[in-house]
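Engineer: Here it is: the structure, laid out below.
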Amino acid sequence: MTSTYQFSRSIAADAPYDLVVAGGGPAGTAAAVCAARLGLKVLLAEATGCLGGMGTSGLVASFGPVSDGERMLVGGFMKELLETMWRQKAFAPQVTRDYLERQLNRWVPFSPEHLKRILDAFTVEAGVEVRFFTRVVEAEVDGRRLNGVVLSNVEGLRFVPARLSSTPRAMRRWPPSRARNARWCCATRKPSRRARSVPCWPAWTGTTPPTKARAWTR
Ligand SMILES: Cc1cc2nc3c(=O)[nH]c(=O)nc-3n(C[C@H](O)[C@H](O)[C@H](O)COP(=O)(O)OP(=O)(O)OC[C@H]3O[C@@H](n4cnc5c(N)ncnc54)[C@H](O)[C@@H]3O)c2cc1C
Numbered sequence: 017m018t019s020t021y022q023f024s025r026s027i028a029a030d031a032p033y034d035l036v037v038a039g040g041g042p043a044g045t046a047a048a049v050c051a052a053r054l055g056l057k058v059l060l061a062e063a064t065g066c067l068g069g070m071g072t073s074g075l076v077a078s079f080g081p082v083s084d085g086e087r088m089l090v091g092g093f094m095k096e097l098l099e100t101m102w103r104q105k106a107f108a109p110q111v112t113r114d115y116l117e118r119q120l121n122r123w124v125p126f127s128p129e130h131l132k133r134i135l136d137a138f139t140v141e142a143g144v145e146v147r148f149f150t151r152v153v154e155a156e157v158d159g160r161r162l163n164g165v166v167l168s169n170v171e172g173l174r175f176v177p178a179r180l181s182s183t184p185r186a187m188r189r190w191p192p193s194r195a196r197n198a199r200w201c202c203a204t205r206k207p208s209r210r211a212r213s214v215p216c217w218p219a220w221t222g223t224t225p226p227t228k229a230r231a232w233t234r
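The numbering of the sequence shown is my numbering, which starts it at 17 and goes up by one.
Given below as structure tokens:
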């Protein structure tokens, strides 16, 4: 037989943040960095000891293809990240500029340790406060409005008031004038007709695309 146990207790409350982001994977880190660059006071709570999520602690160390065979498809934060990784030699040796910018259906293998350090640097430069080994365990919701979250880490439980949740829709509403000018993360362009006509090659790191796609690879 299952039973329930209900408890209530008082916990410490932090000073409010404009935005609390739950999880420092690619999505959460991009959201936190972009929001902090817009001037928001941002707290990023990450359950593990590093940023990057599946790309670092998950060891899924290859970005999906970023080119449609003619041009690079990503912009904004993702493009900035790729350029930084390129400058810091974070990619596998086979990744050339041409591979990155023009080759069709090429996955982009990278060093997870480099990605961790680059994302750390991005958050520090943007002024994001990051708490590692910190899990969001509860959200304080009033109707459709989020008032804050409860964090759990080695210090115990803490309530963190926040004016915004980490959803991009909420971020777009505030502050409107700045948000309009923001370069939102991972802007993608419509693939060219040539790329759309090629079935996506589920390539693993470093493998060669099938004949049809290879014929189109520059
Ligand atoms: C098996 C697999 C293989 C994949 N292969 C590829 C690939 O080869 N190339 C590619 O480009 N994409 C790949 N993907 C997709 C890619 O990993 C995801 O699209 C990407 O990681 C999503 O980013 P995210 O930030 O949303 O989530 P995640 O990367 O999952 O990050 C979530 C983060 O939030 C943290 N977290 C979770 N819950 C909490 C909480 N309550 N409080 C605080 N922190 C929390 C986690 O620790 C983690 O760091 C793969 C996915 C899977 C599952």
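Glycine is no exception: its CB is placed at the ideal position from the N, C-alpha and C atoms.
Is it the case that the Cβ atoms of Leu35 and Leu67 are separated by a distance below 9 Å?
Structural biologist: No. Outside cutoff.
Engineer: Would Val146 and Phe93 qualify as a contact pair, given that the criterion is a beta-carbon distance under 9 Å?
Structural biologist: Not in contact: Val146 and Phe93 (Cβ atoms no closer than 9 Å).
Engineer: Using a threshold of 8 Å, is the CB atom of Met70 nearer than that to any non-hydrogen atom of ligand 1?
Structural biologist: For ligand 1, at least one heavy atom lies less than 8 Å from the Cβ of Met70.
Engineer: Between Gly143 and ligand 1, is the CB less than 8 Å from at least one heavy atom?
Structural biologist: No, Cβ of Gly143 sits at least 8 Å from all heavy atoms of ligand 1.
Engineer: Under 9 Å between the Cβ atoms of Val82 and Val76?
Structural biologist: Cβ distance not < 9 Å, so Val82 and Val76 don't count as in contact.
Engineer: Could you pull the start and end residues of the beta strand (DSSP E) that Ala155 belongs to?
Structural biologist: Element bounds for Ala155: 151-158.
Engineer: Please classify Met70: is it buried, with 16 or more other beta-carbons within 10 angstroms of its beta-carbon, or exposed?
Structural biologist: Exposed, since its Cβ has fewer than 16 Cβ neighbours within 10 Å.
Engineer: Going by CA-CA distance only, name the one from Gln119, Arg122, Gln104, Tyr115 that's closest to Ile134.
Structural biologist: Closest by alpha carbon: Gln104.
Engineer: What is the rounded straight-line gap between the Cα of Glu86 and the Cα of Thr150?
Structural biologist: Answer to the nearest angstrom: the Cα atoms are 42 Å apart.
Engineer: Leaving out five residues before and five after Ser168 in sequence, what residues of the same chain have Cβ atoms less than 6 Å from its Cβ?
Structural biologist: Once the five neighbours on either side are set aside, the close Cβ partners of Ser168 are Arg151, Val153.
Engineer: Once DSSP output is grouped into helix, strand and coil, what is the label at Met17?
Structural biologist: Reduced to three states, the DSSP call for Met17 is coil.
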